[in-house]
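Below is one structure, written out as structure tokens, with a few remarks after it.
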Amino acid sequence: MLIHSASQLLTLQGGVQRGHQLGQLGIIEDGAVFIENGLIAASGTSVDLLSKYPQAERFDARGRVVMPGFVDPHTHLIFSGNRALEFEMRLEGKSYMEIMAAGGGILNTVKATRLADVSELKTSARARMTGMLAHGTTTAEAKSGYGLEINSELAQLEVILELDAEGLLELVPTFLGAHAIAPEYDGNPVGFTLALSNRMLPELLEWWRSNASGRPLPFVDVFCEQGAFSLPQSRIILQAAKEMGFPLKMHVDEFKNLGGASLAVELGATSADHLVKTSPADIKALGDSDTVAVSLPATPFGLGQHEFTPAKAIIAANGILAIASDLNPGTAWCESMQFIIALACRYLHLTVAQAIAAATINAAAAVGRTDRVGSLEPGKQADLLVLDSNDYRNLGYKFGSNQVARVMKRGKWVAINKNETPYL
Ligand code: NIG
Ligand code: FE
Numbered sequence: 005m006l007i008h009s010a011s012q013l014l015t016l017q018g019g020v021q022r023g024h025q026l027g028q029l030g031i032i033e034d035g036a037v038f039i040e041n042g043l044i045a046a047s048g049t050s051v052d053l054l055s056k057y058p059q060a061e062r063f064d065a066r067g068r069v070v071m072p073g074f075v076d077p078h079t080h081l082i083f084s085g086n087r088a089l090e091f092e093m094r095l096e097g098k099s100y101m102e103i104m105a106a107g108g109g110i111l112n113t114v115k116a117t118r119l120a121d122v123s124e125l126k127t128s129a130r131a132r133m134t135g136m137l138a139h140g141t142t143t144a145e146a147k148s149g150y151g152l153e154i155n156s157e158l159a160q161l162e163v164i165l166e167l168d169a170e171g172l173l174e175l176v177p178t179f180l181g182a183h184a185i186a187p188e189y190d191g192n193p194v195g196f197t198l199a200l201s202n203r204m205l206p207e208l209l210e211w212w213r214s215n216a217s218g219r220p221l222p223f224v225d226v227f228c229e230q231g232a233f234s235l236p237q238s239r240i241i242l243q244a245a246k247e248m249g250f251p252l253k254m255h256v257d258e259f260k261n262l263g264g265a266s267l268a269v270e271l272g273a274t275s276a277d278h279l280v281k282t283s284p285a286d287i288k289a290l291g292d293s294d295t296v297a298v299s300l301p302a303t304p305f306g307l308g309q310h311e312f313t314p315a316k317a318i319i320a321a322n323g324i325l326a327i328a329s330d331l332n333p334g335t336a337w338c339e340s341m342q343f344i345i346a347l348a349c350r351y352l353h354l355t356v357a358q359a360i361a362a363a364t365i366n367a368a369a370a371v372g373r374t375d376r377v378g379s380l381e382p383g384k385q386a387d388l389l390v391l392d393s394n395d396y397r398n399l400g401y402k403f404g405s406n407q408v409a410r411v412m413k414r415g416k417w418v419a420i421n422k423n424e425t426p427y428l
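Numbered according to my numbering, the sequence shown spans residues 5 to 428.
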């Protein structure tokens, strides 16, 4: 298929965008993209590609923007239940960590998720995935983390693998058994840390080998935070995971600076996420590393807080900046990367071009998938969006409505939201 007559084809070509390189969209005006066997075969101007591939089936973009599908590199997609009550408690003045310390928060969702079977978890996650896909997310990371005991955690990973196999929204799995101290270990975080590193991780490895053989190992993630896992506890878990060959991620600096970003860098983690209370030393460590700095602006927004990731400082330090939704029932129930871009422009002070690069090619780096997704370059998957307008800057500028007209995954239209009349 040849998609032609895009006002702006955003290719995002050229690989990960570090530091001040962030924001290179690789725009081809009156652009076209030729797709074969679900992969991008060529991109160029409409004039060139229409003459080069005269026989191809055509799709006329009618002067709208065509761009890579969003990659959402941090979601807690799999959960049961709803915490609207806690949202109300927060509006009345309780803090997120106070609610968590009183046994609510993550543990509240753990209770509901442990009770849900695989098919219930699948049904509720699939509904969220449908929303994400319709809003332009074509690849998303998805974490377990609402079981905190091995069987429930593995059930969540099973759901992720099965939903991924459905072939619509592609999922990248992460084991987040270290999301909170399990209720069975209340008051004994060291005991739970040792259970995770000595027992649960080896069980995960064995389960993966017999249930997902052939697939790369999932990421292992830890919530490094006061009230969750301390820096030394995080180190024990991640070091054990690393020795078993798992790639790593970390939740760091959401509420307190514990030095987690520097640990992520030291251990060669693929990403360090949240990064609100990040110190200058941690920013420097990130900037000198290949660990992707993933900002989650919907989280402070969702909590009604006013402090966000020091994204400009991360860019100035030459870091690789990505953005993600953090979709979860506690802090940020957000299925739209378009809204994340709108927040990133206002609160991380990114240009729209920077936010788009952070939500595509750099987000692909945050899940280790730059070889397949995040840009429209020959050999990559034909995962792309047709927007409803002729100017990419409308992303970020407009917000709260869906600006994605169509979504293509691996060469197939998987969501058609709007008719083909450009809404400029
Ligand atoms: O990334 N911080 C830890 N995890 C989530 C919140 C999860 C929840 O509240 O259920 C986050 O914000
Ligand atoms: Fe998170």
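Beta carbons: idealized from backbone N, C-alpha and C, even for Gly.
Distances taken from the Cβ of glycine 109 to the heavy atoms of the ligand NIG include one shorter than 7 Å.
Straight through space, the alpha carbons of serine 329 and threonine 335 are spaced by roughly 10 Å. Considering only Thr79, Leu16, Glu33, the residue with the shortest C-alpha distance to isoleucine 327 is Thr79. With a contact defined as Cβ atoms closer than 8 Å, leucine 271 and glutamine 243 qualify at about 7 Å.
In this structure phenylalanine 179 does not touch alanine 186 by the C-beta definition: roughly 14 Å separates them, more than the 8 Å allowed. Residue environment for threonine 425: exposed (fewer than 16 other C-beta atoms within 10 angstroms of its C-beta). A distance of 8 Å or more separates the beta carbons of aspartate 292 and arginine 68. One Cα belongs to asparagine 398, the other to threonine 134, and the distance between them is close to 23 Å. As for any alpha helix (DSSP H) of minimum length 4 sitting wholly inside the segment 263-296, the runs are 264-270, 284-291, ordered along the chain. Taken through DSSP and simplified to helix, strand or coil, proline 206 comes out as helix. The Cβ atoms of leucine 388 and methionine 412 sit closer than 8 Å to each other. When DSSP states are grouped into helix, strand and coil, tryptophan 211 belongs to the helix group. Distance from the Cα of phenylalanine 38 is smallest, within the candidate group Asn192, Gln230, Gly308, Lys56, for Lys56. When the Cα atoms are used, isoleucine 360 and threonine 282 turn out to be separated by approximately 23 Å.
The continuous alpha helix (DSSP H) containing isoleucine 318 extends over residues 315-320. A Cβ-Cβ distance of about 6 Å is found for the pair leucine 137 and leucine 172, placing them in contact under the 8 Å criterion. In the assembly as shown, glutamate 258 is a buried residue. Its beta-carbon has 16 or more other beta-carbons within 10 Å. For glutamate 339, the distance from the CB to the nearest heavy atom of the ligand NIG is not below 7 Å. Between the segment 363-383 and the segment 122-134, the count of C-beta pairs closer than 8 Å stays below three; the two stretches do not touch. Under the three-state reduction of DSSP, glycine 35 is assigned to strand.
The residues Met254, Ala276, Thr295, in chain order, have a CB closer than 6 Å to that of alanine 268 in the same chain once the five nearest residues on each side in sequence are set aside. Of all C-beta pairs linking the segment 202-216 to the segment 150-161, three or more are shorter than 8 Å, placing the two stretches in contact.
Its chain contains no residue whose beta carbon lies nearer than 8 Å to that of serine 405 once the 5 sequence neighbours on both sides are disregarded.
Contact check between the segment 141-155 and the segment 70-79: three or more CB pairs, one atom from each, fall below 8 Å, which counts as touching.
Distance from the CA of isoleucine 420 to the CA of valine 408, rounded to the nearest whole angstrom, comes to 9 Å. In the DSSP assignment, leucine 165 falls within the alpha helix (DSSP H) that extends over 154-169. Close CB contacts of glycine 30 within its chain, under the 6 Å cut and outside five residues either way in sequence, are with Thr15, Leu16, Gln17 (chain order).
Our two residues, glycine 264 and valine 298, have alpha carbons roughly 13 Å apart in a direct line.
As for any alpha helix (DSSP H) of minimum length 4 sitting wholly inside the segment 171-248, the runs are 193-199, 205-215, 235-247, ordered along the chain.
According to the DSSP assignment, glutamine 342 belongs to the alpha helix (DSSP H) that extends over 341-351.
The beta carbon of lysine 288 sits closer than 6 Å to those of Ala321, all from its chain and outside the five residues before and after it, given in chain order. The Cβ atoms of alanine 362 and leucine 26 lie closer than 8 Å to each other. Around the CB of histidine 24, fewer than 16 other CB atoms lie within 10 Å, so the residue is classed as exposed.
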